[in-house]
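So for the sequence shown, my numbering puts the first residue at 3; every next one is plus one.
For each residue, glycine too, the CB sits at the ideal point set by N, CA and C.
Keep in mind that this is a model prediction, so the values were computed, not measured.
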Amino acid sequence: KNVVVKFMINPIQFLREVEQRKELDPQFVVSIVAHSPLALEAAAVVEPQDVDAGGEDEDEGAEEAGHDEGENGMELKNWMADCYKFDLCHQTGSKKTYYKCGIVMEAAQRNLMVVLVQERVSIEDVKRIFRSVLKCLAHMHRLKKLHGDVKPLNVVRMNDETWKLIDLDATVTIGTQPI
C-alpha cells in the first residue's frame, strides 16, 4: 500500500488534524494509518524549535517540555533524531525549523487541482466529483464539523476512483472553541 507523510512543525496543527478525524468515516476522509509518537497531551505543550542551519542538532525542546522520560519521551526523541538525521525541516534562509509531528495516510492518485489542470474533465465527471465532495461535506456537517479549508488541493481522488477530503487541521466542531 502506498502512503504519504504529512510533516508538521506546529503541534497544535497536529493535534487538530488527529482529533478532528476521530469520528469521521474513512469513506469520506483519508484516514490516518499512523502518526508520530508525540502524544496528543504533549502536542499541546511542545513548542516548535528553531535552530540555525550551522547550529547544534540537539532536541532541547523535548526535554524542556518534560518528555525526556517514559515511552512517549523516548519515542519523541527517536522521532526528532530521525528528523534531524534526514534533515526533515522547513528552511528559510539559514534558519531551520524541524518537524515535531507527522501523520501517515494512504496515498491518493491526484488532488482535484491537478485533475482539473491536467486531465480532460467532462461535464459528467464534474457532476460526479461535485456530488462526491458534497457527500463528504454532508458527512462532516452531520457530525457538526466544518472543514475550514475546502479547495481543490484538499480534495483527492483515491486509487478506487472515489473522492475524499484531506487537510483537516482547520476543521472545527460547531459550537465549540477551536483548539
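List the residues that DSSP assigns as beta-bridge partners of residue i.
{"i": "Y100", "result": "C91"}
{"i": "L148", "result": "V174"}
{"i": "I131", "result": "DSSP output for I131 lists no bridge partner at all."}
{"i": "E108", "result": "V5"}
{"i": "L1", "result": "This structure cannot settle anything about residue 1, because the visible part of the chain is limited to 3 through 181."}
{"i": "E36", "result": "Per the sequence shown, residue 36 should be read as Ala rather than Glu. A36 pairs with V106."}
{"i": "V31", "result": "L167"}
Can you list, in chain order, the residues of its chain with a C-beta nearer than 8 Å to that of residue i? Leave out the 5 residues immediately preceding and following it.
{"i": "H149", "result": "L139, M142, N156, L167, L170, A172 and T173"}
{"i": "D2", "result": "Residue coverage of the chain in this structure runs from 3 to 181, which leaves residue 2 outside it and unanswerable."}
For residue i and residue j, I'd like the C-alpha separation in whole angstroms.
{"i": "V106", "j": "N4", "result": "10 Å"}
{"i": "K98", "j": "K129", "result": "44 Å"}
{"i": "L90", "j": "E163", "result": "31 Å"}
{"i": "T175", "j": "V20", "result": "13 Å"}
{"i": "K87", "j": "R159", "result": "33 Å"}
{"i": "V117", "j": "K153", "result": "13 Å"}
{"i": "N80", "j": "I34", "result": "20 Å"}
{"i": "A83", "j": "V32", "result": "28 Å"}
{"i": "W165", "j": "K137", "result": "10 Å"}
Quick one: give me the first and last residue of the alpha helix (DSSP H) that residue i is part of.
{"i": "R23", "result": "P13 to R23"}
{"i": "V116", "result": "L114 to Q120"}
By Cβ distance below 7 Å, which residues in the same chain neighbour residue i in space, the five residues on each side in sequence not counted?
{"i": "G104", "result": "V7, K8, F9, M10, H37 and S38"}
{"i": "D151", "result": "D169 and A172"}
{"i": "N113", "result": "P154, L155, V157 and V158"}
Which residues bound the beta strand (DSSP E) around residue i?
{"i": "L167", "result": "W165 to L167"}
{"i": "V157", "result": "V157 to R159"}
For residue i, which residues from the same chain have a beta carbon less than 6 Å from its beta carbon, with the 5 sequence-adjacent residues on both sides left out?
{"i": "A2", "result": "Residue 2 lies beyond the residue range present for the chain, which begins at 3 and ends at 181; the question has no answer from this structure."}
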